[in-house]
Amino acid sequence: MRILMAGFYHESNTFNPVLTKKEDFVTAEKEEMLEYFPGAVKAFEKEGVEIVASSYTGWMSYGVIEEGAFRYFTERIVEDIKNAGSLDGIWLQLHGAAYVENIGSGELFMLRKIRKVIGDQIPIAVAMDPHGNISPDLTEYADVLRAYHTAPHEDQQDTYRAAAEALIDLIKKGRRVKPAFVRLPMLMCGDSALTRDEPLKTVIARCKELERSEKIETASFFISMHSANTENTYPCAVIVPSSMEYYPYAMEEAKKMAHYVYDRREQFHFEGALVEPEIALEMAVQSDKRPVVISDSGDNTTGGATGMNTVMLKLCLEKDFGGKKVLVSTIYDREACRKLMEHKEGDEIDCMLGTGVDAYSQPVRIKGTLKSKGRTLMYLPMRGNMKPIANMVTVSCGAVDITITDVPDSFTDMDQCKAGNFDPSEYDIIIIKQAYHFPDIVKLGRQAILALTPGYTFMKLEDKSEIYTKLPWTLYPFQEDQ
Numbered sequence: 006m007r008i009l010m011a012g013f014y015h016e017s018n019t020f021n022p023v024l025t026k027k028e029d030f031v032t033a034e035k036e037e038m039l040e041y042f043p044g045a046v047k048a049f050e051k052e053g054v055e056i057v058a059s060s061y062t063g064w065m066s067y068g069v070i071e072e073g074a075f076r077y078f079t080e081r082i083v084e085d086i087k088n089a090g091s092l093d094g095i096w097l098q099l100h101g102a103a104y105v106e107n108i109g110s111g112e113l114f115m116l117r118k119i120r121k122v123i124g125d126q127i128p129i130a131v132a133m134d135p136h137g138n139i140s141p142d143l144t145e146y147a148d149v150l151r152a153y154h155t156a157p158h159e160d161q162q163d164t165y166r167a168a169a170e171a172l173i174d175l176i177k178k179g180r181r182v183k184p185a186f187v188r189l190p191m192l193m194c195g196d197s198a199l200t201r202d203e204p205l206k207t208v209i210a211r212c213k214e215l216e217r218s219e220k221i222e223t224a225s226f227f228i229s230m231h232s233a234n235t236e237n238t239y240p241c242a243v244i245v246p247s248s249m250e251y252y253p254y255a256m257e258e259a260k261k262m263a264h265y266v267y268d269r270r271e272q273f274h275f276e277g278a279l280v281e282p283e284i285a286l287e288m289a290v291q292s293d294k295r296p297v298v299i300s301d302s303g304d305n306t307t308g309g310a311t312g313m314n315t316v317m318l319k320l321c322l323e324k325d326f327g328g329k330k331v332l333v334s335t336i337y338d339r340e341a342c343r344k345l346m347e348h349k350e351g352d353e354i355d356c357m358l359g360t361g362v363d364a365y366s367q368p369v370r371i372k373g374t375l376k377s378k379g380r381t382l383m384y385l386p387m388r389g390n391m392k393p394i395a396n397m398v399t400v401s402c403g404a405v406d407i408t409i410t411d412v413p414d415s416f417t418d419m420d421q422c423k424a425g426n427f428d429p430s431e432y433d434i435i436i437i438k439q440a441y442h443f444p445d446i447v448k449l450g451r452q453a454i455l456a457l458t459p460g461y462t463f464m465k466l467e468d469k470s471e472i473y474t475k476l477p478w479t480l481y482p483f484q485e486d487q
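Take 6 as the starting number for the sequence shown in this note's numbering and just add one per residue.
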């Protein structure tokens, strides 16, 4: 049994005005790629599969992908498939929300290209992120679409294993299947849809129960990537039958799952108060908890925002925190970071911070001391952990410390503190470029506040119907039943 492994990961925020370019991506080749997916590799090795390693390219969430870049990475995979010889199956890791200029759905484009090469007989399994904007046409090209069962994501390797085991099973049976797909007539804010909370907690429990059935290979619920104006920005249930004999059963279960979520659409909620930025800061000052973690929700880089917004920073520099210490983590300004890295720790700093690419990133003057220099750790789904890829400096401006990076970043993981050379225990208030909090931040914070800041990642979708031009205006929460 010979199976080719490859993939491409990108979550595209179509509202972010900055394109994601070829040089922004990180690529792993051949044997190095296999280190990133032990869940799948172990499943294949257990069955004596000969793995043909292609390439895997990834980057975090950001703007629409430059067409030339995506065509380049797609062709690399396609050429490897052409040169691989006889194959029994293909295993891919794709995000589900890759959106490419002049093309649209990146996943659909890539799968069509692959099918042209391998024909219709070989099964394809795809491990995906639940924040995918899934085209129903994907079910014509891929046999298995399996999403992570956690948001925030903690089960990547389990997902890679599940997709691999489903692919092996289909190969052994000598058959292909079609996933049952049901979309929901709604737009769901991913930051209010967490699998550790209801209603999704029950949905994921049902997915796991279905996967224990002999009738079902995999079961997934796709929350969607809401910060994207695409034809496929909607939640959907996708259930893969073990044979087409059970396709009607899979479709019925997918419909039940979709109805369950839609009937509870009013129950989704944010973890923490959603308030205006000035109110968020005052709430933190008045709180007797430490630290209070404030989400700069409009500039959530884990949701594809620019990471350049200086709105919250300006408010912090102007506010009296009554003796409390504040960390703003982080501001993405490549040129400012480069210049600051030329200084020594302890140097006095007086510079402008802010790229000025839009109204939200206007330069702000910072005066203080260069407190530390370090590295930034980027979450790359390839490895399922954090990898040092760029620079970080921390500047202390009285009560406010600011981390500044030369790539878009977000403080999601405690390992970042060591690499970045900053200590979160020093602070009473921490401001992060996120919306929902990753597990390490949940453990760190004693109170969560979501600041309704301006930017390209939105929380109150009911106020944004005019920008979703590719979606029906009848979707909930817009003009339902009208």
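Beta carbons are placed, not taken as given, at the ideal position from N, Cα and C, and that holds for glycine.
On the DSSP letters alone, give me the boundaries of the beta strand (DSSP E) that residue i sits inside.
i      : result
CYS241 : 241 to 246
GLY12  : 7 to 14
GLN367 : Segment: none, GLN367 is in no beta strand (DSSP E) and carries neither H nor E.
Taking the alpha helix (DSSP H) that residue i belongs to, which residues open and close that run?
i      : result
ALA5   : The question about residue 5 has no answer here: the residues shown for the chain are numbered 6 through 487.
ASP268 : 252 to 268
ASP163 : 161 to 178
ASP29  : Segment: none, ASP29 is in no alpha helix (DSSP H) and carries neither H nor E.
GLU55  : Not the alpha helix (DSSP H): GLU55 falls in the beta strand (DSSP E), residues 55 to 63.
PHE443 : Note, PHE443: premise wrong, no alpha helix (DSSP H); not H, not E.
Could you have a look at residue i and say whether DSSP puts it in helix, strand or coil?
i      : result
GLY44  : helix
VAL290 : helix
VAL412 : coil
GLY379 : strand
ILE95  : strand
GLY361 : coil
CYS194 : coil
MET387 : Here the model assigns MET387 a pLDDT of 47, short of 50, so the residue's position is not dependable, and the following value carries that caveat. It is coil, neither helix nor strand.
LEU449 : helix
ARG201 : coil
VAL405 : strand
By a C-beta neighbour count over all protein chains shown, 10 Å radius and 16 as the cutoff for buried, is residue i buried or exposed?
i      : result
TYR104 : buried
ARG251 : Reading off the sequence, residue 251 comes out as Tyr, not Arg. It counts as buried.
TYR41  : buried
VAL362 : exposed
MET387 : Any reading at MET387 is ruled out, since the residue's pLDDT is 47, under 50, leaving its predicted position unreliable.
GLU112 : buried
SER430 : exposed
HIS158 : buried
ALA285 : buried
LYS438 : buried
GLU222 : buried
GLY124 : exposed
ASP293 : exposed
ALA168 : buried
PRO413 : buried
GLY277 : buried
At the level of alpha carbons, what is the spacing between residue i and residue j?
i      : j      : result
CYS342 : VAL398 : 7 Å
ILE434 : MET249 : 55 Å
CYS241 : LEU332 : 38 Å
GLY303 : THR462 : 5 Å
GLY403 : LEU172 : 57 Å
ARG201 : GLY351 : 43 Å
SER300 : ILE436 : 6 Å
MET115 : THR79  : 6 Å
TYR239 : ALA395 : 34 Å
LYS206 : VAL245 : 20 Å
GLN484 : TYR473 : 13 Å
ASN314 : THR408 : 13 Å
VAL83  : LEU215 : 33 Å
THR3   : PRO43  : Residue 3 lies beyond the stretch modelled for the chain, which goes from 6 to 487, so this question has no answer here.
SER5   : MET65  : A question about residue 5 goes unanswered here, because the residues of the chain that appear run from 6 up to 487.
THR360 : LEU322 : 18 Å
GLU283 : TRP478 : 32 Å
ASN88  : ILE108 : 26 Å
ASP486 : THR381 : Only weak support exists for where ASP486 lies, its pLDDT of 48 falling under 50; the coordinates are left without a value.
VAL297 : LEU358 : 25 Å
VAL46  : ARG166 : 8 Å
THR25  : GLY12  : 17 Å
Under 8 Å, Cβ to Cβ, is there at least one residue of chain C near residue i?
i     : result
GLU50 : As a matter of chain content, chain C is missing from the structure shown, which is built from one protein chain.
(request) May I ask you to verify whether the region 221 to 237 touches the region 132 to 148, counting CB pairs closer than 8 Å and requiring at least 3? (result) Touching, per the Cβ criterion.
(message) Counting beta carbon pairs with one atom in the region 260 to 268 and one in the region 177 to 188, are three or more of them shorter than 8 Å?
(response) yes
(message) Across the region 417 to 431 and the region 451 to 470, are there enough close Cβ pairs to call them in contact, namely three or more that are closer than 8 Å?
(response) no
(message) Could you check whether the region 94 to 101 touches the region 190 to 199, counting it as contact only if at least three pairs of C-beta atoms, one from each stretch, sit closer than 8 Å?
(response) no
(message) For the pair the region 7 to 24 and the region 54 to 74, tell me if three or more CB-CB distances fall below 8 Å.
(response) yes
(request) Evaluate contact between the region 74 to 93 and the region 49 to 62, counting only Cβ atoms and requiring at least three cross-stretch pairs below 8 Å. (result) yes
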